[in-house]
Structure formats: C-alpha cells, structure tokens
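Read through the structure below, which is laid out as structure tokens, and then see the notes.
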Amino acid sequence: MKHASPLRYPGGKAALTDILRKIRSLNGLSGHAVAEPFAGGAGASLTLLFQRETHQIHINDLDSAVHAFWSSSVHDNEAFLELLDTSPISVDEWKRWRTVYLDTEASRLNRGFAAFYLNRCNRSGIIQNGGVIGGIDQKGRWKIDARFNKDTLKQRLERIAEDHDRIFVSNLDGIEFIEALDHESTLFFVDPPYFRKGPLLYLNGLDPDYHARLAETLRDLGDAAWVLTYDDCSEIRDLYEGWAAIHPFSLRYSARERRQGSEVLITPQWMHLPETVSGPAIGW
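As structure tokens, then:
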C-alpha cells in the first residue's frame, strides 16, 4: 500500500518513513513504539506499523474533529465504512457534512466522518477553510471527487481496522502528550504546525511561545529518542542550535507540484542519521 493514511494533509510527512525506519535501525530503537504528538494524517507512523517496523503507534491530535476521525476509524470502523459507502460525493453532501463538522455537539462518529469528508473534498486537504475542489459551481479543472476514490480509501480504513489493537488514539495538547508517555520505550516523531505557515493552515496553529516551550520540553527529555521537523527559519534555528543537531532537507509535496519545501529535521545530538535515503520526494 503506497499511502497508508486515509487523510490528506498540508505538508504531510509520510515521505520521511524511510528516514525514520533507518534511524530506528541505526540507533537500536526497533523495539520502541512510535508516537506522533501532532499526528494530522499520521502517514509515517501508520506506514511503519503496517510494515511491522514497529509494534505499536500512538496518534495524538488536539483538533477535536481530527481526533474524532482517528477514534472512529480505529474503534468504530464498521460504522465509519457504512458512512463511506452510503455518502454520495457532491456539493450538496459536502455542505451537509460541513454543517456537521462545525457542530461541536455532533457525535464522535459523525464529526469524525465530516472531517474525513471535507479533507478528501477540499483543496489541499485543508479541513476548516480549504474550499471545495472545483468550487461550489464545479467549473474548475478538477472536480469534488478528484481525491475521493472510495475503493482505495476503504482499503486504507480496513487496514487500520486490522491493527486497531496496536493503535492508540488521544486528544491531548502535544507537550502534555510527550510528557505523559514512557520516554524509554518511545520514539517521538514530532511534526508540529510550522512556525511561519502553521497558523494559516491549521485550526490549532501554534504561537511563538508554544514553539519555545516545545523546544524546552524536548531538551528536558535527556536521552529520549525524538525526531522533529520544521520549516527552516531563523526563529526555529535559534531555539535548537547549540544543543540539538539540525539537518536541512527538502520535500516535494506532490508529483504535480515542482515547489520544494526548505525544512529542517532536528534530533538529539547523540542520534545517528542515515547518509542516504530512498525516494524522489526527498532532498537529503
């Protein structure tokens, strides 16, 4: 399965799976669970789990609708698949599920499916304000169903159901989540909303003070294993230079889009990284 996650995410890091796999091998972390404090689409951890590179993953997201998706797809998979099967892909249906998404009193199942539906129908997968692919009048080049292949998505959701007992879902603040887990048996893959564009793309974009507190939290972990990704900017480098290792890389976000993101992968100084990685999407 090329793509493990049912969600599309701006700046998703599934392409870093090979780097994470090699980091685990090089640093004796093969027995560690993988935890994502800012999971989003959780593509990397799901892929590692499905490839049996890890025995267990922890998916955490503070966004209540994204959490509802993960909780429902893991714990109420059959009902979720029923909604997938019976929900048409149309602008009228999109409007209906957007209303559900905006209703914080909706059931976990319905709100989770609403987040999923909007994610698949909206431009760039941006749930809260992305706008429907093709526009409301559907006069664009691409139509609302351009990223909504039901058969493929059903396969991904069924694969999640097969490993439901290996997937733990939570709805905590990212820092609280990091502090709560066992640091000796967990590899944290930390992919927070980015410093510059995060507030524009995500409901829970972070302010500068939070980015600073996250850096302090990771520094206080001592010898714990973590891998952090960020946009390459002076504000982030200032937080981590001198005590962590900063590795620039670039990630091409889609085959149709030639733009490459300039980013940094940050790790503890003790952690060994691979000299090369596979995949045309990564410049290492």
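So the sequence shown is numbered by our numbering: it starts at 23 and just counts up by one.
All C-beta atoms, glycine included, are put in the ideal place defined by N, C-alpha and C.
Next on the checklist: Can you tell me where the alpha helix (DSSP H) holding D253 begins and where it ends?
Outcome noted: Not the alpha helix (DSSP H): D253 falls in the beta strand (DSSP E), residues 247-253.
Checklist entry - So does the region 154-165 actually touch the region 36-45, counting three or more Cβ pairs closer than 8 Å? => result Between the region 154-165 and the region 36-45, the count of C-beta pairs closer than 8 Å stays below three; the two stretches do not touch.
Item to check | Inter-residue spacing [alpha-carbon to alpha-carbon] between L194 and T108 | outcome: Computed Cα separation, rounded: 32 Å.
Checklist entry - Run through DSSP, which three-state label would E279 get? => result Legend: pLDDT at E279 = 47, less than 50; position of this residue unreliable, no value from coordinates given.
Next on the checklist: Suppose only complete runs of 4+ residues qualify. What are the alpha helix (DSSP H) ranges in the region 93-162, listed by chain order?
Outcome noted: With a minimum length of 4 residues, the continuous alpha helix (DSSP H) runs that stay inside the region 93-162 are 99-108, 113-124, 130-143.
Item to check | Residue of L38, G50, L29 minimising C-alpha distance to G63 | outcome: Nearest neighbour of G63 by Cα position, chosen from L38, G50, L29, turns out to be L29.
Item to check | Local conformation of P230 per DSSP, three classes | outcome: Of the three classes helix, strand and coil, the one that applies to P230 here is helix, per DSSP.
Next on the checklist: My assumption, with CB atoms under 8 Å, is that R145 sits in contact with G152. Please give the rounded CB distance.
Outcome noted: Between G152 and R145 the Cβ distance is about 5 Å, and since that is below 8 Å, they are a contact.
Item to check | Short Cβ contact (9 Å threshold) for Y123 with A137 | outcome: Contact check for Y123 against A137 passes: the beta carbons are separated by less than 9 Å.
Next on the checklist: Closest to E58 by C-alpha separation, out of I81, K176, E238, would be which residue?
Outcome noted: Shortest Cα-Cα distance from E58 to any of I81, K176, E238 involves I81.
Checklist entry - Alpha carbon to alpha carbon, what distance is there between L71 and A90? => result For A90 and L71, the distance between alpha carbons rounds to 21 Å.
Checklist entry - What three-state label does DSSP hand L42 in the structure shown? => result Residue state, collapsed to three classes: helix.
Checklist entry - Is the number of C-beta pairs between the region 180-194 and the region 246-260 that are closer than 8 Å three or more? => result Cβ pair count under 8 Å is below three, so no.
Checklist entry - When DSSP labels each residue in this structure, what does I166 get in the three-state scheme? => result In the three-state reduction of the DSSP assignment, I166 falls in the coil class, being assigned neither a helical nor a strand state.
Item to check | The beta strand (DSSP E) enclosing F190, as first and last residue numbers | outcome: Its beta strand (DSSP E) spans residues 189-192.
Checklist entry - In this structure, what does DSSP give as the bridge partners for N171? => result Paired residue(s): none; N171 is not in a bridge.
Checklist entry - Nearest CA to the CA of A26: which residue from S129, S47, R74, C255? => result The option with the nearest alpha carbon to A26 is R74.
Next on the checklist: Let's see if you can read the secondary structure: which residues bound the beta strand (DSSP E) around F211?
Outcome noted: That run of the beta strand (DSSP E) goes 208-212.
Item to check | Beta-carbon proximity of W116 to Y139, cut-off 9 Å | outcome: Yes; because the gap between Cβ atoms is below 9 Å, this pair is in contact.
Next on the checklist: Please report the distance separating the alpha-carbon of R133 from that of T126.
Outcome noted: Rounded to whole angstroms, R133 to T126 spans 8 Å at the Cα level.
Item to check | Start and end residues, alpha helix (DSSP H) containing E201 | outcome: Looking at the DSSP string, the run of the alpha helix (DSSP H) that includes E201 is 196-202.
Item to check | Whole-number beta carbon distance between W265 and E235, since they are thought to touch under 8 Å | outcome: Before going on, a small fix: residue 235 reads as Arg here, not Glu. Not quite, the Cβ-Cβ distance comes to about 15 Å (not below 8 Å), so this is no contact.
Checklist entry - Do you know offhand how far I166's Cα is from L48's? => result Cα to Cα, the separation comes out at about 43 Å.
Checklist entry - Can you tell me whether E238 is buried or exposed, with buried defined as 16 or more other CB within 10 angstroms of its CB? => result So E238 counts as exposed.
Item to check | Local Cβ density within 10 Å of E198, reported as buried at 16 or more and exposed below that | outcome: Result: exposed.
Next on the checklist: Within the continuous beta strand (DSSP E) that includes E58, where are the two ends?
Outcome noted: Unbroken beta strand (DSSP E) run through E58: 55-58.
Item to check | Residue interval of the alpha helix (DSSP H) (run including T69) | outcome: Its alpha helix (DSSP H) spans residues 65-72.
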